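Order-wise, the sequence lines are chains A and B.
If you read the first sequence in my numbering, its first letter stands for residue 11, the second for the next number, and so on.
If you read the second sequence in my numbering, its first letter stands for residue 4, the second for the next number, and so on.
Glycine included, each C-beta is placed from N, C-alpha and C at the ideal position.
Owing to the predicted nature of the structure, the values given are computational and were not obtained by experimental measurement.
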Amino acid sequence: MKIRLTVTVVLGLLLGTAIGVYAATALETIKAPIDEIVTILKDPQYQDGARKDQQQAQLWPIIHQIFDFNLISRIALTRNNWKKFTPEQRKAFTNAFTGLLKNTYVDKMQGGDFKDVSVVFIEENKLSEKKSQVSSKIISREKELSVSYSLRLKKNRWRIYEVEVEDVRLIKNYREQFNRTLKTSSPAELIQQIEKKVAQRDKQ
Amino acid sequence: MLNSLKQLAIIFMLLALFTAGCAHQKKQSISLVELPSETSHQKTTEQASIAIAETKQTPQDVSDERIADEFTDDEFTDDDLDFLDELDAEDETSERETVSVSDPLYSFNKAMFHFNDKFYFWLAKPVAQGYKAVIPYEIRISFRNFFSNIFSPVRMTNCLLQGKFTRAGAEFGRFFVNSTAGVLGFGDPAKNFPALNPPPEDMGQTLGIYGIGNGPYLVLPIIGPSTLRDALGMFTDRYLFNPFSYVDTSELSMGLTGTNYLNEASFKIGDYENLKDSAIEPYEAMRDFYIQYRNNQLND
Chain A
11 MKIRLTVTVV LGLLLGTAIG VYAATALETI KAPIDEIVTI LKDPQYQDGA
61 RKDQQQAQLW PIIHQIFDFN LISRIALTRN NWKKFTPEQR KAFTNAFTGL
111 LKNTYVDKMQ GGDFKDVSVV FIEENKLSEK KSQVSSKIIS REKELSVSYS
161 LRLKKNRWRI YEVEVEDVRL IKNYREQFNR TLKTSSPAEL IQQIEKKVAQ
211 RDKQ
Chain B
4 MLNSLKQLAI IFMLLALFTA GCAHQKKQSI SLVELPSETS HQKTTEQASI
54 AIAETKQTPQ DVSDERIADE FTDDEFTDDD LDFLDELDAE DETSERETVS
104 VSDPLYSFNK AMFHFNDKFY FWLAKPVAQG YKAVIPYEIR ISFRNFFSNI
154 FSPVRMTNCL LQGKFTRAGA EFGRFFVNST AGVLGFGDPA KNFPALNPPP
204 EDMGQTLGIY GIGNGPYLVL PIIGPSTLRD ALGMFTDRYL FNPFSYVDTS
254 ELSMGLTGTN YLNEASFKIG DYENLKDSAI EPYEAMRDFY IQYRNNQLND
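Rendered as structure tokens:
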């Protein structure tokens, strides 16, 4: 009896340590939140247009938890352009750009018909100690979209910094755009332009 | 396999975003004036240390815990810079990221871009919306299958020209199954067999495989983004290989082509708006999406 107790305690301790050390894989980290996002998008109680704000309030924290918007903003701007921004401008840019992505993609998802949509996670491809790629498919009645997420491990937590839809990188796409704008405009003007775009959509 | 139809159904700009043409610039392929590289990756240690110093200066907002969590938690550290350098280095080395396209016809292209924009909102979109409202989904899908099936030989030819014999066989099997069991291609029973669903090949990709680079970026009226090579490829696919062009009368041929475009457009309403909403510079956004997409098609 005593031995059994000891064994249990030792096992328990071992297990406890194992859990403490164990870090979730990238796929495990984002699977549950993304499934939850889809569930919220499907939830019939939010189909009423008046409740979209509530739905967004539900969605946003989950999205924020798995996307690294700081890293995303930095990647979108490129190293050279990033250097032209003052620390305050960097913050303002990150805020504005996060708002743009939120408006573009979260609003679009909220407007979409998710009744027949299902998300299937296919595999995780660990590229390095700190980098991983998770591929998935979004299947709807009309089409099947391959969506893959690039994640980075920071402080023991995987977060997304790039999304590829049908092998097209969405964040990378902004590099050329911002580069173009910054050829003729100042960082402050770029931030203003993004803020204006966000405000326009908010009004609609 | 429905995707393969896209290749030919590129009358509207929005379609073109995820459909047409061909684009790829291999490092060794025919040399073209390249856009100046966006990011000079030359990083001196000096620059790096400045960047580190700057991020460390960033004031930390501790008053609002939530904001603090969002931002100070993510302050850039040496570790972050290393990671970004790693990403930048990858951009430089991987074949996939070196893709850029020259745009010497920028003024013409931009004018075409505006024309296509108006064409879409004033004509293509309302017509496609009307069509979608009148024609049930099942029928539109059948049409889509039919057109996709009819172009199967074009794709098969390109598979053969690229030396992709397994894919050519898959195209043939697909064409056979859908033309018979699928009743002249209106059904798509081959859909359920992954072996019968090869990625679509077109002449633009064939030329790319032969080492021909993108050439200058080109925005075609109505059709949308393309490159010189893709435009040539598309012309070959559509006029030399196109089964419609062998139909007796040109009216019928044009009618079929038009129906195909319209039908395909009915599935794509909203795509172009999404692009415009998401972009600060829609022209550059579309150019990049097109080049990325075509490059991936070429490398599949």
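- Shown here, S155 (chain B) sits in a helix according to DSSP, grouped into three states.
- A distance of 8 Å or more separates the beta carbons of R241 (chain B) and I215 (chain B).
- Closest option to F124 (chain A), judged by alpha-carbon separation, among A:V157, A:P197, A:Y56: A:Y56.
- With a cutoff of 8 Å on beta-carbon distance, T108 (chain A) and F79 (chain A) are scored as near each other.
- Sorting A:E134, A:A106, A:D58 by C-alpha distance to the C-alpha of K207 (chain A) places A:A106 at the top.
- Beyond the five residues adjoining it in sequence on each side, I82 (chain A) comes within less than 6 Å, by CB distance, of Y171, I181 in the same chain, given in chain order.
- At a cut-off of 8 Å between C-beta atoms, N161 (chain B) does not count as an interface residue with respect to chain A.
- Residue burial is scored here from C-beta neighbours: Q75 (chain A) has fewer than 16 other C-beta atoms within 10 angstroms and is therefore classed as exposed.
- Think of a sphere of 9 Å around the beta carbon of Q132 (chain B): no beta carbon from chain A falls inside it, the nearest being about 16 Å out.
- The beta-carbon of L243 (chain B) is placed no less than 8 Å from the nearest beta-carbon of chain A.
- Between P197 (chain A) and K94 (chain A), the gap from beta carbon to beta carbon is short of 8 Å.
- Close partners of S256 (chain B) in chain A (Cβ separation under 8 Å) are lacking, with about 28 Å as the shortest Cβ gap.
- The C-alpha of N263 (chain B) is placed about 42 Å away from the C-alpha of L137 (chain A).
- By the neighbour-count criterion, in which a residue is buried when 16 or more other Cβ atoms sit within 10 angstroms of its Cβ, P228 (chain B) is buried.
- Look at Y293 (chain B) here: in three-state DSSP terms it is helix.
- Taking 8 Å as the upper bound for CB-CB distance, V137 (chain B) and L265 (chain B) are not in contact here, some 11 Å apart.
- Of all residues in the segment 256-289 of chain B, those with a C-beta nearer than 7 Å to a C-beta of chain A are F270, N277, D280, S281, A282, I283, E284, E287, A288, reading in chain order.
- For T169 (chain B), the enclosing alpha helix (DSSP H) covers residues 168-183.
- Counting only unbroken stretches of 3 or more residues, the beta strand (DSSP E) elements lying wholly within the segment 204-291 of chain B are 220-223, 227-230, in sequence order.
- Within a 10 Å sphere around the beta-carbon of N245 (chain B) sit 16 or more other beta-carbons, which makes this residue buried.
- Taking a beta-carbon distance threshold of 8 Å, Y296 (chain B) counts as an interface residue toward chain A.
- The DSSP-derived three-state label of E176 (chain A) is coil.
- Scanning chain A for C-beta atoms nearer than 9 Å to the C-beta of N181 (chain B) yields nothing, as the closest lies near 18 Å away.
- By the 16-neighbour rule on beta-carbons within 10 angstroms, E199 (chain A) is exposed.
- Around the beta carbon of T114 (chain A), a 10 Å sphere encloses 16 or more other beta carbons of the protein chains shown; the residue is thus reported as buried.
- Taken through DSSP and simplified to helix, strand or coil, E139 (chain A) comes out as coil.
- Two segments are said to touch when three or more pairs of C-beta atoms, one from each, lie closer than 8 Å; by this definition the segment 267-287 of chain B does not touch the segment 151-163 of chain B.
- Taking CB atoms only, E139 (chain A) has no neighbour in chain B less than 8 Å away.
- Closer than 8 Å to the CB of Q64 (chain A) there is not a single CB belonging to chain B.
- In the DSSP assignment, S128 (chain A) is bridged to A:I149.
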